[in-house]
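Structure first, commentary second.
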Ligand SMILES: Nc1ncnc2c1ncn2[C@@H]1O[C@H](COP(=O)(O)OP(=O)(O)OP(=O)(O)O)[C@@H](O)[C@H]1O
Ligand SMILES: [Mg+2]
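Residue numbers (this note's numbering), protein chains in the order written: chain E, 48 to 292; chain D, 388 to 658; chain Y, 535 to 746.
Pasting the structure below:
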């Protein structure tokens with residue numbers, strides 16, 4: 048069963064052609080890492096998957112919902128598709144616990160007690176149960192991102208999208224977050240689509256790697272093949288640049 | 388932010404001081420106007436037949452204005468100049484007390500309360516208060532006003548008069564006659580009350596309205612001057628008398644009230 | 535000054551009462567109407583945005599007195615009979631709501647787009663995101679400018695005097711023209727206005743500090 052299907056998808060920002068002829072199928076349970084140089088369209092692609100960006104041509108089906116059909120209810124789709132952002136986007140007016148509990152309460156109407164129990168369990172899983180009643184402004188970037196992951200998991204999504212989840216973090220905080228993501232992907236059987244520049248992490252978690260450049264998918268291979276010998280020159284150059292850093 | 392605390396009393400003090408200062412009105416007006424060969428008059432600008440600004444040339448026109456011009460010539464001689472400042476019922480006393488105008492001739496009734504703060508010449512025109520209503524109105528006279536809304540103008544004594552003769556009427560005060568008339572037209576009140584002379588002017592401009600019920604007060608109009616200006620008051624009285632003797636007064640009455648329907652202007656003649 | 539206050543205290547208190555009543559009503563409704571039009575202005579729907587924009591631009595660029603006169607003179611003639619107090623309060627409400635809409639719109643737009651995306655990507659509807667995430671943050675940001683609008687509102691309620699709304703200014707005109715003591719009459723009502731506006735502005739500052 049496929050979770051995501053792109054068929055000849057085109058995305059334009061005004062006249063700018065941001066995604067060219069995207070054809071891609073991701074099956075349930077896969078962990079796919081999306082890499083590529085800055086401006087290549089990784090964020091754009093990931094954001095079309097939960098409808099934060101619209102597409103102009105082609106067909107895009109996610110978890111059985113057709114995103115190219117304007118009648119599709121995006122709210123229903125999104126309650127099954129979580130997203131973790133580079134800049135966390137925690138609700139600044141809510142404390143950590145409320146950040147996690149809000150959507151289950153008002154979107155899925157989970158009973159308050161169960162909701163709270165689940166939220167505390169998730170906080171424990173990301174190691175932040177002590178911070179439940181702090182405001183987002185009172186915790187570090189790494190902690191914020193772990194809360195954001197817990198918030199996403201609270202909706203029990205079938206698919207999680209990560210858009211550079213560690214790029215805005217200080218180096219010493221990156222590992223904690225990556226550990227959490229690893230745990231989530233390995234334990235849950237959820238489908239994951241991860242944009243990252245962390246190649247070591249990518250090698251470890253991904254079963255499949257997609258390399259993008261200039262709005263196109265240039266390579267799509269299983270992880271071990273891609274990192275051992277990328278087929279295209281562009282991917283080779285990209286990898287050598289990143290690894291030499 | 389703390390600063391505001393001392394600012395507030397300071398403000399109050401300044402305002403109180405300005406309220407107590409001595410003003411120009413203590414000098415002799417008669418001497419001043421003779422020196423400058425000019426009398427500055429406060430007149431109405433929104434009262435047809437008495438003082439109305441003509442939109443074509445921006446000049447005030449009406450009986451009061453012509454009276455002022457004539458009185459000026461009598462006091463200062465044929466070369467004397469009359470200047471006009473538009474006032475409202477509300478602003479005419481403050482402007483006079485402040486010394487912005489030398490005298491006020493603006494449909495102003497001589498009343499005991501007003502005499503406490505300013506002085507009046509003898510009456511130069513005898514008006515009486517009446518009611519203006521739509522021609523379709525059931526109101527026939529002042530007796531029919533109970534429970535009705537009566538429109539008056541802020542600062543005119545007609546409002547107080549209605550309170551006395553029709554205590555059960557609801558009274559609303561508007562800024563000037565134009566607004567009062569508009570309010571009457573929009574149904575904000577059932578009748579507009581003020582002096583008949585003014586009401587006739589309004590009826591001329593608004594043919595579907597008429598003056599009803601005769602006059603229920605006597606409203607002698609006087610020229611207002613500051614207290615203690617007896618020299619000037621006497622000069623005005625003398626000028627008005629001269630105009631009455633020469634027939635100049637009656638010519639002005641005929642000029643302004645000769646064509647008003649339903650108004651016997653000859654009653655106003657003086658000899 | 536004291537004389538005027540003691541002699542006309544009942545008239546002044548009546549004026550104070552009408553001024554406070556009009557201000558409270560106008561404050562409540564202009565906040566609601568202003569919020570609605572602020573939201574219209576930031577909606578993805580273009581027609582809604584145009585309507586929101588037009589409302590704000592028209593109402594805030596017409597003098598308050600003109601809007602009030604419209605409700606006092608035109609509406610009773612053609613639509614429904616309303617008195618001066620009602621006409622003045624409606625005028626005040628609509629006029630103020632345009633400024634409040636403008637203030638809240640800028641507040642909403644200063645909440646980062648990430649907040650909306652964060653909320654939407656958990657499956658919340660646009661309105662849920664607005665209600666639980668965006669508006670609470672926007673209101674907090676706009677408390678100081680909103681406080682200014684409220685103080686302006688109280689002062690602007692003096693427009694009631696022009697339509698016989700029995701407010702403080704109306705009473706001041708009336709007292710000034712019976713006593714001819716213009717300066718002290720207006721001084722007294724000036725102080726009465728301060729008695730309403732000063733606590734209001736201190737309260738807004740307190741609220742700002744409390745929520746900061
Ligand atoms: N909202 C937008 N309007 C116009 N152009 C945009 C918009 N968002 C992205 N683009 C353009 O689309 C292209 C792809 O952007 P995108 O953010 O998807 O790249 P990316 O691969 O995620 O890069 P990075 O690694 O820097 O995050 C870029 O050229 C970018 O300038
Ligand atoms: Mg990106």
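In this text, a Cβ means the ideal position worked out from N, Cα and C, and glycines have one as well. Bear in mind the structure is a predicted one, so any value in this text is a computation, not a measurement.
Check whether the Cβ atoms of residue i and residue j sit closer than 8 Å, and answer yes or no.
i                      : j                      : result
residue 105 of chain E : residue 165 of chain E : no
residue 130 of chain E : residue 181 of chain E : no
residue 439 of chain D : residue 429 of chain D : no
residue 505 of chain D : residue 462 of chain D : no
residue 140 of chain E : residue 670 of chain Y : yes
residue 490 of chain D : residue 605 of chain D : no
residue 730 of chain Y : residue 688 of chain Y : yes
residue 636 of chain Y : residue 590 of chain Y : yes
residue 540 of chain D : residue 564 of chain D : yes
residue 248 of chain E : residue 216 of chain E : no
residue 469 of chain D : residue 635 of chain D : no
residue 494 of chain D : residue 546 of chain D : no
residue 143 of chain E : residue 175 of chain E : yes
residue 667 of chain Y : residue 649 of chain Y : yes
residue 286 of chain E : residue 194 of chain E : no
residue 92 of chain E  : residue 202 of chain E : no
residue 196 of chain E : residue 227 of chain E : yes
So, for residue i: in the same chain, excluding its five sequence neighbours on each side, which residues have a beta-carbon less than 8 Å away from its beta-carbon?
i                      : result
residue 662 of chain Y : 653
residue 598 of chain Y : 625, 626, 629, 690, 693
residue 593 of chain Y : 601, 628, 629, 631, 632
Compare the C-beta of residue i against all C-beta atoms of chain D and say whether one is closer than 8 Å.
i                      : result
residue 701 of chain Y : no
residue 679 of chain Y : no
residue 551 of chain Y : no
residue 696 of chain Y : yes
residue 716 of chain Y : yes
residue 625 of chain Y : no
residue 689 of chain Y : no
residue 519 of chain Y : No information on residue 519 of chain Y is available, as it lies outside the stretch 535 to 746 that chain Y covers here.
residue 618 of chain Y : yes
Could you tell me whether the Cβ of residue i comes closer than 8 Å to any Cβ of chain Y?
i                      : result
residue 197 of chain E : no
residue 481 of chain D : yes
residue 184 of chain E : no
residue 126 of chain E : yes
residue 139 of chain E : yes
residue 574 of chain D : yes
residue 559 of chain D : yes
Using the DSSP secondary-structure output, state which residues sit across from residue i in a beta bridge.
i                      : result
residue 596 of chain D : D:521
residue 191 of chain E : None, per the DSSP bridge assignment.
residue 512 of chain D : D:608
residue 293 of chain E : In the structure as shown, chain E starts at 48 and stops at 292, and residue 293 of chain E therefore has no counterpart that could be examined.
residue 440 of chain D : D:447
residue 536 of chain D : D:557
residue 49 of chain E  : E:74
residue 106 of chain E : E:54
Give every residue of the same chain whose Cβ lies closer than 6 Å to the Cβ of residue i, excluding the five residues on either side of it in the sequence, and list them in chain order.
i                      : result
residue 582 of chain Y : 574
residue 214 of chain E : 133
residue 52 of chain E  : 72, 108
residue 252 of chain E : 78, 229, 232
residue 409 of chain D : Only weak support exists for where residue 409 of chain D lies, its pLDDT of 43 falling under 50; the value from the coordinates is given anyway. Correct list: empty, nothing qualifies.
residue 706 of chain Y : 719, 720, 723
residue 619 of chain Y : 699
Counting only beta-carbon atoms, is residue i nearer than 8 Å to chain B?
i                      : result
residue 571 of chain D : The structure shown has no chain B; the protein chains it does contain are E, D and Y.
Taking only beta-carbon positions, decide if residue i is within less than 8 Å of chain E.
i                      : result
residue 648 of chain Y : yes
residue 530 of chain Y : Not covered by the structure: residue 530 of chain Y. The range shown for chain Y is 535 to 746.
residue 643 of chain Y : no
residue 667 of chain Y : yes
residue 651 of chain Y : yes
residue 705 of chain Y : no
Just to confirm my understanding: we take residue i, look at its own chain, exclude 5 residues before and 5 after, and list those with CB closer than 7 Å. What are they?
i                      : result
residue 590 of chain D : 519, 596, 597, 598
residue 737 of chain Y : none
residue 643 of chain D : 436, 449, 450
residue 119 of chain E : 112, 113
Residues near ligand 1, criterion Cβ-heavy atom distance below 5 Å: Spelled out in chain order, the answer is E:60, E:65, E:85, E:86, E:87, E:88, E:89, E:90, E:91.
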